[in-house]
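Going from the sequence shown to my numbering is simple: count from 1 and add 2. A virtual CB, placed ideally from N, CA and C, is assigned to each residue, including glycine. Down below is the structure, laid out as structure tokens.
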Amino acid sequence: FDYLYHSMRDLKKEVFKVIYLTSQNQIIEIADLAEGTVNASSISPRQVVEGAIKHNAASLLFAHNHPSGNPQPSTSDKDVTRDLVYAGSIMQIRVLDHIIIGNNRYFSFAGEGLIEEYELDFLNLRARGTAEAKRNRYRTKLSAPNLHWPPNPRV
3 FDYLYHSMRD LKKEVFKVIY LTSQNQIIEI ADLAEGTVNA SSISPRQVVE GAIKHNAASL
63 LFAHNHPSGN PQPSTSDKDV TRDLVYAGSI MQIRVLDHII IGNNRYFSFA GEGLIEEYEL
123 DFLNLRARGT AEAKRNRYRT KLSAPNLHWP PNPRV
């Protein structure tokens with residue numbers, strides 16, 4: 003919080019940072035990925051994943067500021083964070099936290115249990131998708147025409 007707060011507290015626009023980490027949580031690089039307006043920034047999971055692969059990161063931390071001073075996440079902040087956790091899960095890159103810096107305060111998605119919630123949501127979606135794929139394969143086998151039935155009467 004101290005580093006992020008001092009580096010982001012006086013910014014007049016939202017800035018989205020990614021901290022790329024090794025498997026021992028050592029910092030590889032800190033990058034500003036997006037700069038927005040006074041109340042919004044635009045970030046895509048693709049940008050984040052590309053950077054993580056480029057830096058060979060094992061895990062990630064995200065941070066952005068709210069120039070208004072209120073660190074409470076917007077619906078958009080929650081949606082982006084969920085999407086980043088999903089993308090990281092697919093690529094086997096762990097999202098450790100997303101911190102929103104406000105006026106002498108911060109909001110931590112991990113601290114509020116949201117990172118874990120998003121990870122569990124992803125695992126549930128994945129499990130449902132796997133179960134659905136198995137059911138579809140089974141249905142396909144049952145409904146596929148039997149090419150050997152009826153048997154050829156001439157044989």
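Look up residue i in the DSSP assignment and give the residues it is bridged to.
{"i": "His100", "result": "Phe64"}
{"i": "Leu23", "result": "Ile29, Ser61"}
{"i": "Ser110", "result": "Ile101"}
{"i": "Phe18", "result": "Ala36, His66"}
Residue i and residue j look like a contact to me (Cβ under 8 Å); what is the Cβ gap, rounded to whole Å?
{"i": "Leu6", "j": "Ile117", "result": "In fact, because the Cβ distance is near 16 Å, the residues do not count as touching under 8 Å."}
{"i": "Met10", "j": "Asn72", "result": "Not really, about 14 Å apart at Cβ, beyond 8 Å."}
{"i": "Gly90", "j": "Val97", "result": "5 Å"}
{"i": "Asp34", "j": "Lys19", "result": "6 Å"}
{"i": "Leu86", "j": "Val50", "result": "6 Å"}
{"i": "Asp99", "j": "Leu63", "result": "5 Å"}
{"i": "Ser61", "j": "Ile92", "result": "About 14 Å separates the two Cβ atoms, so there is no contact after all."}
{"i": "Phe109", "j": "Gln74", "result": "6 Å"}
Measuring straight from C-alpha to C-alpha, what distance separates residue i and residue j?
{"i": "Ile103", "j": "Leu125", "result": "29 Å"}
{"i": "Leu13", "j": "Glu37", "result": "10 Å"}
{"i": "Arg130", "j": "Tyr88", "result": "15 Å"}
{"i": "Glu31", "j": "Asn105", "result": "25 Å"}
{"i": "Ala65", "j": "Val17", "result": "8 Å"}
{"i": "Arg84", "j": "Gly115", "result": "12 Å"}
What ranges does the beta strand (DSSP E) occupy inside the region 29-89, keeping only unbroken runs of at least 3 residues that lie completely in it?
29-37, 61-67
Three Cβ pairs or more, each shorter than 8 Å: is that satisfied between the region 108-124 and the region 45-59?
no
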